[in-house]
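Engineer: Residue numbers (numbering that gives the first Met the number 0), protein chains in the order written: chain A, 0 to 289; chain B, 0 to 131. All residues carry an ideal CB built from backbone N, CA and C; glycine is no exception. Below is the structure I would like to discuss, written out as structure tokens.
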Amino acid sequence: MPSLKDLKNRIGSVKNTRKITKAMQMVAAAKLRRAQEAAEASRPYTERFNAVMSGLAASMGDASGAPTLLAGTGKDQVHLLVVMTAERGLCGGFNANISKLAKARANALTAEGKTVKILTVGKKGRDALKREYGQYFVGHVDLTEVKRIGYSDAQGIARDVLARFEAHEFDVATIFYAKFVNVVTQIPTQQQIIPAVFEEQEDAASTVYDYEPSEEAILADLLPRGVATQLFSALLENGASEQGARMSAMDNATRNAGEMIDKLTIEFNRSRQAVITNELIEIISGAEAL
Amino acid sequence: MADTLQFDLVSPERSLASLEVTEVQIPGSEGDMTAMAGHAPTITTLRPGILRIVSAEGTQSFAVTGGFAEITAAATSVLAERAMPADAVTAEMMAEMKVEAEKFAEGATGETRDVADKLVAEMSELAGALSL
Numbered sequence: 000m001p002s003l004k005d006l007k008n009r010i011g012s013v014k015n016t017r018k019i020t021k022a023m024q025m026v027a028a029a030k031l032r033r034a035q036e037a038a039e040a041s042r043p044y045t046e047r048f049n050a051v052m053s054g055l056a057a058s059m060g061d062a063s064g065a066p067t068l069l070a071g072t073g074k075d076q077v078h079l080l081v082v083m084t085a086e087r088g089l090c091g092g093f094n095a096n097i098s099k100l101a102k103a104r105a106n107a108l109t110a111e112g113k114t115v116k117i118l119t120v121g122k123k124g125r126d127a128l129k130r131e132y133g134q135y136f137v138g139h140v141d142l143t144e145v146k147r148i149g150y151s152d153a154q155g156i157a158r159d160v161l162a163r164f165e166a167h168e169f170d171v172a173t174i175f176y177a178k179f180v181n182v183v184t185q186i187p188t189q190q191q192i193i194p195a196v197f198e199e200q201e202d203a204a205s206t207v208y209d210y211e212p213s214e215e216a217i218l219a220d221l222l223p224r225g226v227a228t229q230l231f232s233a234l235l236e237n238g239a240s241e242q243g244a245r246m247s248a249m250d251n252a253t254r255n256a257g258e259m260i261d262k263l264t265i266e267f268n269r270s271r272q273a274v275i276t277n278e279l280i281e282i283i284s285g286a287e288a289l
Numbered sequence: 000m001a002d003t004l005q006f007d008l009v010s011p012e013r014s015l016a017s018l019e020v021t022e023v024q025i026p027g028s029e030g031d032m033t034a035m036a037g038h039a040p041t042i043t044t045l046r047p048g049i050l051r052i053v054s055a056e057g058t059q060s061f062a063v064t065g066g067f068a069e070i071t072a073a074a075t076s077v078l079a080e081r082a083m084p085a086d087a088v089t090a091e092m093m094a095e096m097k098v099e100a101e102k103f104a105e106g107a108t109g110e111t112r113d114v115a116d117k118l119v120a121e122m123s124e125l126a127g128a129l130s131l
């Protein structure tokens, strides 16, 4: 049976925890709004870009001269998994879900006898994968210092990935991130970026464009940008997902702390009452003995 | 035939402009071009330069770096990697972009070297055009 003093201390400490989680929830809510705005602001670019690219890719068809970024290297032996997670924890299952998806993919690939290479973006994913898949790591991108994700961050990662591709370090690249649906739902997603995959657009073929310079030159110029664009939108989605996940995790924590405080307070009151009753009994029985 | 066309300027980070304009001057990689209503459908890549739009409210200028423009008879969309209103470009930003281009040029070899050198030259030209 804990003493009154112990209970009082515990109530105090849980109250402090609740203050912290409440504050974190509010910070996450503010950041979420900003992250969502950023994700929305980037959408027109991404949509347009993909529309043009899929038109181009479709018109290139399976011409033999298609760039390797689009057509692939013709093999799929070496896979690069780009695992994008958060730099911080305390956001529920967010990081774990992404790493789990990446792990499943890595296991499936190694079971097929393929070579797996892992590039991690964000500290938490690296920590989660280090133990089992440390030998596959080829690099890590640290975004701890980045306050607001900009296009240049995505470009940096894209440059790294493309340099590895040019050096024939891998054949297929897949990114792992969480798609933001709403505050309580974030879907861990995998998406192949090299060779590029574009959704078929129905009206893509309706307009015949003049190309300046040639179609091939434009495609060669745009494909690397496409990698950066996809990475950028994934980073933004991830940013919004992280804040959403943290917000709901912290909301839960705040609620749990509240329940705990209620329970502890009841216990505290009961023991105090028990102490008073005990003292009364002692006094009364003392008086009767006289 | 309508005498205006819908113009959109978007960068990955935000949409900068969306309005009805009478003409758009685009710094294409093969040379400048002006798009007006009824232009033949064209897709062109961009070089770093100044993009000018002429609308009923007057002329606006934007500094853009690489990207591409999609021109149709009724609309022009410019997707620039980096874009900002020309008068918002500061000397520091320009210097930063130049340093970036030069760094890229240093590491490049062969064919990419030519591309990189061209990029550096275009950056200087852009700086000159902005008188920075």
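Short check: CB of T58/B to CB of R51/B, under 7 angstroms?
Structural biologist: The residue given as residue 58/B occupies position 59 in the second sequence. The residue given as residue 51/B occupies position 52 in the second sequence. Less than 7 angstroms separates the beta-carbon of T58/B from that of R51/B.
Engineer: Leaving out five residues before and five after A203/A in sequence, what residues of the same chain have Cβ atoms less than 8 angstroms from its Cβ?
Structural biologist: Within the first sequence, numbered from 1, the residue matching residue 203/A stands at position 204. Note that A203/A scores 48 on pLDDT, short of 50, meaning its location in the model is unreliable; the coordinates nonetheless yield the value given after this. Cβ neighbours of A203/A beyond the five flanking positions: A50, S53, G54 and A57.
Engineer: Starting from the N-terminal side, write out each stretch of the alpha helix (DSSP H) that is 4 residues or longer and does not extend beyond the region 124-203 of chain A.
Structural biologist: 150-165
Engineer: Between which two residues does the beta strand (DSSP E) holding G225/A run?
Structural biologist: Translated into positions along the first sequence, residue 225/A becomes position 226. Per DSSP, G225/A belongs to no beta strand (DSSP E); it is in the alpha helix (DSSP H), E214 to A288.
Engineer: Can you tell me the Cα-Cα spacing of L279/A and G285/A, whole angstroms?
Structural biologist: As a working mapping, residue 279/A is identified with position 280 in the first sequence. As a working mapping, residue 285/A is identified with position 286 in the first sequence. Approximately 10 angstroms, taken between the alpha carbons.
Engineer: Say whether chain A places a C-beta atom closer than 7 angstroms to the C-beta of A39/B.
Structural biologist: Looking up residue 39/B in the second sequence gives position 40. A39/B counts as touching chain A.
Engineer: Residues in the same chain with beta-carbon distance under 6 angstroms from H139/A, minus the five sequence neighbours each way, listed in chain order, please.
Structural biologist: On the first sequence, residue 139/A is found 140 positions in, with the first residue counted as 1. Here the set comprises T119 and R125.
Engineer: Bridge partners of Q59/B, per DSSP?
Structural biologist: As a first step, residue 59/B must be located in the second sequence, where it is residue number 60. Bridge partners of Q59/B: I52/B.
Engineer: Per DSSP, what are the beta-bridge partners of F6/B in this structure?
Structural biologist: As a first step, residue 6/B is located in the second sequence; it is residue number 7 there, counting from the start. According to DSSP, which records beta bridges pairwise, F6/B is partnered with L18/B and T75/B.
Engineer: Give me the chain A residues within the contact set of I42/B, using Cβ-Cβ distance strictly less than 9 angstroms, ordered along the chain.
Structural biologist: What you label residue 42/B is simply residue 43 of the second sequence in a count that begins at 1. Simply V51, G54, L55, Y208, D209, Y210, E211, E214 and I217.
Engineer: Spatial neighbours of F136/A within its chain, please: C-beta separation below 6 angstroms, excluding the five flanking residues on both sides.
Structural biologist: Against the first sequence, residue 136/A aligns to sequence position 137. Correct list, in chain order: I117.
Engineer: Which whole-angstrom value is the C-beta distance of N94/A and T84/A, which I expect to be below 8 angstroms?
Structural biologist: For the purposes of this step, residue 94/A is taken as residue 95 along the first sequence, with counting starting at 1. For the purposes of this step, residue 84/A is taken as residue 85 along the first sequence, with counting starting at 1. Rounded, the Cβ-Cβ distance is 5 angstroms, consistent with contact.
Engineer: With DSSP as the reference, label P290/A as helix, strand or coil.
Structural biologist: Nothing can be reported for residue 290/A: it is not among the residues displayed for chain A, which extend from 0 to 289.
Engineer: Would you kindly report the start and end of the unbroken alpha helix (DSSP H) that includes L69/A?
Structural biologist: Here residue 69/A corresponds to residue number 70 of the first sequence, with the count starting at 1. T67 to A70 is the extent of the alpha helix (DSSP H) around L69/A.
Engineer: I need the boundaries of the alpha helix (DSSP H) containing L89/A, first residue and last residue.
Structural biologist: Along the first sequence, read from residue 1 onward, the residue named residue 89/A stands at position 90. Run containing L89/A: none; DSSP gives neither H nor E here.
Engineer: Ignore the nearest five residues each way along the sequence and tell me which others in M0/B's own chain have a CB closer than 8 angstroms to its CB.
Structural biologist: Along the second sequence, one-based indexing puts residue 0/B at 1. Low local confidence applies: a pLDDT of 49 at M0/B is under 50, so the model's placement there is unreliable, with the coordinate-based value given in what follows. The answer, listed in chain order, is A36 and G37.
Engineer: What is the DSSP secondary structure of V207/A, counted as helix, strand or coil?
Structural biologist: The residue you call residue 207/A lines up with position 208 of the first sequence. DSSP places V207/A in coil when its eight states are reduced to three.
Engineer: Using the rule of at least 16 other Cβ atoms within 10 Å of the residue's Cβ for burial, across every protein chain shown, is M25/A buried or exposed?
Structural biologist: Within the first sequence, residue 25/A is the residue found at index 26, counting from 1. Classification for M25/A: exposed.
Engineer: From I10/A, P66/A and S12/A, pick the residue whose C-alpha is nearest to that of F219/A; which is it?
Structural biologist: Residue mapping note: residue 219/A aligns to position 220 of the first sequence, counting from 1. Per the sequence presented here, residue 219/A reads as Ala, with Phe not at that position. Considering only alpha carbons, the answer is P66/A.
Engineer: Are the CB atoms of R46/B and E28/B within a distance shorter than 7 angstroms?
Structural biologist: As a working mapping, residue 28/B is identified with position 29 in the second sequence. As a working mapping, residue 46/B is identified with position 47 in the second sequence. Per the sequence shown, residue 28/B should be read as Ser rather than Glu. Closer than 7 angstroms, so yes.
Engineer: Three or more C-beta pairs closer than 8 angstroms, one from the region 165-176 of chain A and one from the region 145-155 of chain A: is that the case here?
Structural biologist: no
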